[in-house]
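Worksheet for the structure shown next.
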Amino acid sequence: MPHRRTIRSLPLALAALLAALSGCGKQDQHQGGPKPKPAVSVVTLHAQPVSLTTDLPGRVTAYKVAEVRPQVNGVILKRSFIEGDNVRAGQLLYQIDPAPYQAAVASAQATVAHAIATVTTAQATVRRYRPLAAAEAISKQDLDNAVGTLSQNQADIASARAQLRTAEINLAYTRVTAPITGRTSRSAVTEGALVTANQTSLLVTVTQLNPIYVDIVQPSTTLLRLRRELAQGQLKTDGNHQAVVRLMLEDGTAYDRTGELQFSEVQVDQGTGAVALRAIFPNAEGVLLPGMFVRGQIEEGVQQNAILAPQQGVTHNQRGEPVAMVVGAGNKVEMRTIKADRAIGADWLVQSGLHDGDRLITEGLQQIKPGDEVTVSPSKQS
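The opening residue of the sequence shown carries number 977 in my numbering; numbering runs sequentially from there.
Laid out in structure tokens, this is it:
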């Protein structure tokens, strides 16, 4: 029985040995054969004009703000507007009790009339004294006194008329009107409230919202870069050299109207190194409100022959410099150190290191190194 078991196991051992020898032969054949080329995907770069924009934080500021205060003392008889409504310039907002000021106007009118009557009497006296003084029936001193009295009475007329004008102005101030066209805030007083001239507390605020300002802040380094690119002819602007500004609202939606850059400050903030800019926007629908946070997008111009490289094709070396792998002659990998100015969407705006027609590797970067010969296929992004 042991002899038969040994004989039966011989074919199985021979089969295992033959399989092992066959495997070793295949392994040796594989190691001795040509190494397969790594497969990569590339995007062919093309020079193209690119519109350059800069996103900056900003705050909405009212075009005009009028703080309404009373200019005379009195009791509020009537409020003639609805809080939050739009009012026109000159529209009545509050009516202060006019009775005491009407009386003051009437008194001033009477004073003017009295002064005019006094002047008439003084003029008649001067006319009578002139021939009498010429005939030496009265002294010259009497004539001089009569002429002086006439001059004083004429001055009294001017003073009385000035008092009348003051009384009329005060009477007009009892009608508190809107100084500008805009939207009203909440009213700080109601009917029956006693107000005083030039009080510190407001009656109401009127804010003009159309058009409206947006104040944004731009780093001074950005201004220097723009001036350099304009001097080199890399950027083009419109004939008026006015930058167009667009807005992104707080909820991420785009404002449907464009604005124009009005001015920039002439000084750089020493604390932040930034320059304040102000843009003006149409706001007929009242979407923009003072104090609202927005993001301003300034259209700087157009860079001709710009190179855009997909961000997934750009990595960094040990020194932290941005590098890119491209497929050169003979389908061999080349490493380029590049200079990327900014991100535009999913691409980098490349200033140097890449050129028109370069084949940038975007997929398969982990399995290649400079000098490798690769198998090239177009990327799905191209």
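We treat Cβ as the ideally placed atom computed from N, Cα and C, and that holds for glycine. Computed from a predicted model, the values in this text were never measured in an experiment.
By DSSP, does residue i sit in helix, in strand, or in coil?
| i | result |
| --- | --- |
| Val1102 | helix |
| Leu1200 | helix |
| Tyr1077 | helix |
| Thr1037 | strand |
| Ile1092 | helix |
| Gln1273 | strand |
| Gly1235 | strand |
| Gln1287 | helix |
According to the Cβ coordinates, are residue i and residue j closer than 7 Å?
| i | j | result |
| --- | --- | --- |
| Thr1183 | Ala1023 | no |
| Ile1092 | Glu1167 | no |
| Leu1032 | Ile1145 | no |
| Ala1065 | Asn1186 | no |
| Lys1011 | Glu1349 | no |
| Gly1262 | Val1190 | no |
| Gly1040 | Ile1156 | One detail in the question is off: residue 1040 reads as Lys in this sequence, not Gly. Yes, these two residues count as a Cβ contact at 7 Å. |
| Ala1173 | Asn1049 | yes |
| Pro1266 | Val1036 | yes |
| Ser1027 | Val1278 | yes |
| Thr1029 | Glu1275 | yes |
Go to residue i, then tell me how far its beta strand (DSSP E) extends in each direction, as first and last residue.
| i | result |
| --- | --- |
| Ile1072 | 1068 to 1072 |
| Leu1336 | 1335 to 1339 |
| Lys1011 | Per DSSP, Lys1011 belongs to no beta strand (DSSP E) and is neither H nor E. |
| Thr1332 | According to the sequence displayed, residue 1332 carries Asp and not Thr. No beta strand (DSSP E) contains Asp1332, which DSSP labels as neither H nor E. |
| Ile1188 | 1188 to 1195 |
| His1292 | 1290 to 1292 |
| Asp1348 | Run containing Asp1348: none; DSSP gives neither H nor E here. |
| Thr1183 | 1180 to 1184 |
| Leu1265 | First-last for Leu1265: undefined, no H or E at that position. |
| Lys1315 | 1315 to 1320 |
Provide the residue span of the alpha helix (DSSP H) that contains residue i, from first to last.
| i | result |
| --- | --- |
| Gly1142 | Checking the sequence, you will find Thr at residue 1142 rather than Gly. 1116 to 1149 is the span of the alpha helix (DSSP H), which, as asked, contains Thr1142. |
Less than 7 Å between C-beta atoms, sequence neighbours within five positions excluded: which residues of the same chain meet that for residue i?
| i | result |
| --- | --- |
| Asn1293 | Val1299 |
| Gly1249 | Pro1195, Ser1196 |
Among the residues of its own chain, which have a CB less than 8 Å from the CB of residue i, if the five just before and after it don't count?
| i | result |
| --- | --- |
| Ser1353 | Ala1015, Val1016, Ser1017, Val1018 |
| Leu1126 | Val1095, Ala1098, Gln1099, Thr1101, Val1102 |
Counting only the same chain and skipping the five closest in sequence on each side, list residues whose C-beta sits under 6 Å from that of residue i.
| i | result |
| --- | --- |
| Gln1288 | Thr1338 |
Task: Any 3 or more C-beta pairs closer than 8 Å across the region 1053 to 1065 and the region 1158 to 1168 - done: yes
Open item on the list: If contact is defined by three or more beta carbon pairs under 8 Å, each pair taking one atom from either stretch, is the region 1317 to 1328 in contact with the region 1278 to 1285?
Closed with: yes
Open item on the list: For the region 1128 to 1140 against the region 1067 to 1085, do three or more pairs of beta-carbon atoms, one drawn from each stretch, fall closer than 8 Å, so that the two count as touching?
Closed with: yes
Open item on the list: Check whether the region 1301 to 1315 and the region 1332 to 1343 are in contact - that is, three or more C-beta pairs closer than 8 Å.
Closed with: yes
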